[in-house]
Amino acid sequence: MPLRLLAPAGVLLLVACTSAPPPAATAVAAPEQPVPEIRPGRLAGYLAAAAIPDSLVLVPAPPAAGSATLAQDHAVMRAALALRGTPRFEQAIRDADLDFPFAAGSFACALGVGIDAQRTPATYRLLRRTLADAAVSTRTAKEQYQRPRPFVENGEPTCTPEDEQALRGNGSYPSGHTAIGWAWALVLAQAVPERTDALLARGRSFGDSRLVCNVHWQSDVLQGRFMGSGTVARLQSDPAFRADVAAATVELAAAREQGLAPDRDCAAEAVALAEPLPGAL
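Read in order, the letters of the sequence shown correspond to residues -24 to -1, 1 to 257 in mature numbering (1 follows the signal peptide of the UniProt record, and there is no 0).
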């Protein structure tokens, strides 16, 4: 697999329950234990396979033919196709890239600080490991339903043509990219709660980029958010995850004090993300 619904009240509840960091004076940096790679460049997650929320159990079947939900999926698809060639489309290309170190900067503008392996190692590790957990959470439903992606139906190109062959054989529902982006938004909001609104907005736009890319349906994205939320809820009981969040809280505060700037053009990103996507939920 190439890697590049939660109601608002539920989001706020999850953030509220998990956002209180330990006092900076008593927080201790997480020990740097070796983390195995599940494949070259991709770290293992925090959770054992049996502990990861199961999308086949948790999400409904994809929208049925003739349903209002499927009609909504098609309406949003048409609106998203109209964004080709705009700054929003260019942002969607960037959001498709889940490879590190580039992906570490995906939320830097929303966070207000840069993230890299040298100066913010715990945060960098946190993003890499939660990526694996969130991605796996969508796998069983993807494999069961094998929902064709929008570009397969409409014949229009995507924002990552190099991935299209692989995507044809990978189920669209629910969206793994969205689960990852939403999990990152929640985890970073836990570490830096004063940036919660900006981070959640960025998490939503990260998933919406999959609509703009013509590789996911609206319902894929909504259920991807749900699985991202469930994964982060389950992570709260993992000691290594909690240690990395505590360490990230301390190092991100220090990075802000040191003026560690985002590595992205935040003004251009803001312009791109201001582009409306009619009908998106």
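A virtual CB, placed ideally from N, CA and C, is assigned to each residue, including glycine.
Margin query: Considering only their Cβ atoms, is the gap separating residue 155 from residue 207 smaller than 9 Å?
Written below: Stepping through the sequence shown from its first residue, residue 207 is reached at position 231. Stepping through the sequence shown from its first residue, residue 155 is reached at position 179. For residue 207 and residue 155, yes; Cβs fall inside 9 Å.
Notebook entry, point to check: Who pairs with residue 19 in a beta bridge, going by DSSP?
Noted result: In the sequence shown, counting from the first residue as 1, residue 19 sits at position 43. According to DSSP, residue 19 bridges with 13.
Next item on the list: Could you check what DSSP says for residue 5 in three-state terms: helix, strand or coil?
Entry: The residue labelled residue 5 in the question sits at position 29 within the sequence shown. Legend: pLDDT at residue 5 = 44, less than 50; position of this residue unreliable, no value from coordinates given.
Notebook entry, point to check: Are the Cβ atoms of residue 27 and residue 253 separated by less than 9 Å?
Noted result: To locate residue 27, count along the sequence shown from 1; it is residue 51. To locate residue 253, count along the sequence shown from 1; it is residue 277. It is not a contact, given that the beta carbons lie outside the stated cut-off.
Next item on the list: Would you check if the segment 232 to 247 and the segment 116 to 124 touch, i.e. whether three or more CB-CB distances between them fall below 8 Å?
Entry: no
Notebook entry, point to check: Can you name, in chain order, every residue of its own chain whose Cβ lies under 6 Å from the Cβ of residue 249, other than the five neighbours on each side?
Noted result: Indexing the sequence shown from 1 puts residue 249 at position 273. Cβ neighbours of residue 249 beyond the five flanking positions: 181.
Check: Nearest-angstrom Cα distance between residue 170 and residue 153?
Finding: The residue labelled residue 170 in the question sits at position 194 within the sequence shown. The residue labelled residue 153 in the question sits at position 177 within the sequence shown. Whole-angstrom Cα-Cα distance: 25 Å.
Notebook entry, point to check: So, using beta-carbon positions, are residue 96 and residue 90 closer together than 9 Å?
Noted result: On the sequence shown, residue 96 is found 120 positions in, with the first residue counted as 1. On the sequence shown, residue 90 is found 114 positions in, with the first residue counted as 1. Yes, the Cβ-Cβ distance between residue 96 and residue 90 is below 9 Å.
Next item on the list: Measure how close the beta-carbons of residue 113 and residue 29 come, nearest whole angstrom, since I'm counting them as under 8 Å.
Entry: Locating residue 113 in the sequence shown gives position 137, where the first residue counts as 1. Locating residue 29 in the sequence shown gives position 53, where the first residue counts as 1. The pair is a contact, with the Cβ atoms about 5 Å apart (cut-off 8 Å).
Checklist line | Collapsed DSSP secondary structure at residue 170 in the structure displayed | finding: Within the sequence shown, residue 170 is the residue found at index 194, counting from 1. Looking at residue 170 - three-state DSSP - the assignment turns out to be helix.
Next item on the list: Return helix, strand or coil for residue 89, following the three-state DSSP convention.
Entry: Against the sequence shown, residue 89 aligns to sequence position 113. Note: residue 89 maps to coil in three-state DSSP.
Next item on the list: Give, in chain order, every unbroken run of the alpha helix (DSSP H) that is at least 4 residues long and sits entirely within the segment 118 to 206.
Entry: 126 to 130, 140 to 144, 152 to 167 and 172 to 188
Notebook entry, point to check: Which value, in whole angstroms, describes the spacing of the CA atoms of residue 172 and residue 92?
Noted result: As a first step, residue 172 must be located in the sequence shown, where it is residue number 196. As a first step, residue 92 must be located in the sequence shown, where it is residue number 116. Residue 172 and residue 92: Cα-Cα distance of roughly 20 Å.
Notebook entry, point to check: How long is the line joining the alpha carbons of residue 3 and residue 59, rounded to whole angstroms?
Noted result: For the purposes of this step, residue 3 is identified with residue 27 of the sequence shown, where counting begins at 1. For the purposes of this step, residue 59 is identified with residue 83 of the sequence shown, where counting begins at 1. Only weak support exists for where residue 3 lies, its pLDDT of 41 falling under 50; the value from the coordinates is given anyway. Computed Cα separation, rounded: 45 Å.
Check: Using CA coordinates, which residue listed in 168, 138, 121 and 131 is at the minimum distance from residue 148?
Finding: Along the sequence shown, read from residue 1 onward, the residue named residue 148 stands at position 172. Of the candidates 168, 138, 121 and 131, the one whose C-alpha sits nearest the C-alpha of residue 148 is 121.
Notebook entry, point to check: Would you report the Cα separation of residue 125 and residue 255, rounded to the nearest angstrom?
Noted result: Your numbering for residue 125 matches position 149 in the sequence shown. Your numbering for residue 255 matches position 279 in the sequence shown. The alpha-carbon atoms of residue 125 and residue 255 are separated by roughly 19 Å.
Check: Any idea if residue 164 is buried or exposed, counting beta-carbon neighbours within 10 angstroms, 16 or more meaning buried?
Finding: The sequence position of residue 164 within the sequence shown is 188, counting from 1. Classification for residue 164: buried.
Item checked: Nearest neighbour of residue 21, chosen from 105, 70, 31 and 145 [CA to CA] -> The residue labelled residue 21 in the question sits at position 45 within the sequence shown. Nearest C-alpha to residue 21: 105.
Next item on the list: Give the C-beta separation of residue 40 and residue 34 to the nearest angstrom, bearing in mind that I take them to be a contact with Cβ-Cβ under 8 Å.
Entry: In the sequence shown, residue 40 corresponds to position 64, counting from 1. In the sequence shown, residue 34 corresponds to position 58, counting from 1. That belief does not hold up - the Cβ atoms of residue 40 and residue 34 are roughly 19 Å apart, past 8 Å.
Check: Taking three-plus beta-carbon pairs below 8 Å as touching, is the segment 211 to 219 in contact with the segment 173 to 192?
Finding: no
Check: Roughly how far, in whole angstroms, is the beta-carbon of residue 306 from the beta-carbon of residue 86, given that I think they are within contact range, below 8 Å?
Finding: The chain is shown only over -24 to 257; residue 306 falls outside these bounds and no answer can be derived.
Note to self: So, with DSSP's three-state summary, where would you put residue 249?
What the structure shows: Reading the sequence shown from its first residue, position 273 is the one you call residue 249. DSSP places residue 249 in helix when its eight states are reduced to three.
Note to self: Could you compute how far the alpha carbon of residue 191 sits from the alpha carbon of residue 19?
What the structure shows: Indexing the sequence shown from 1 puts residue 191 at position 215. Indexing the sequence shown from 1 puts residue 19 at position 43. For residue 191 and residue 19, the distance between alpha carbons rounds to 25 Å.
Next item on the list: Work out the CA separation of residue 131 and residue 62 for me, nearest whole Å.
Entry: Residue mapping note: residue 62 aligns to position 86 of the sequence shown, counting from 1. Residue mapping note: residue 131 aligns to position 155 of the sequence shown, counting from 1. Roughly 20 Å separates the two Cα atoms.
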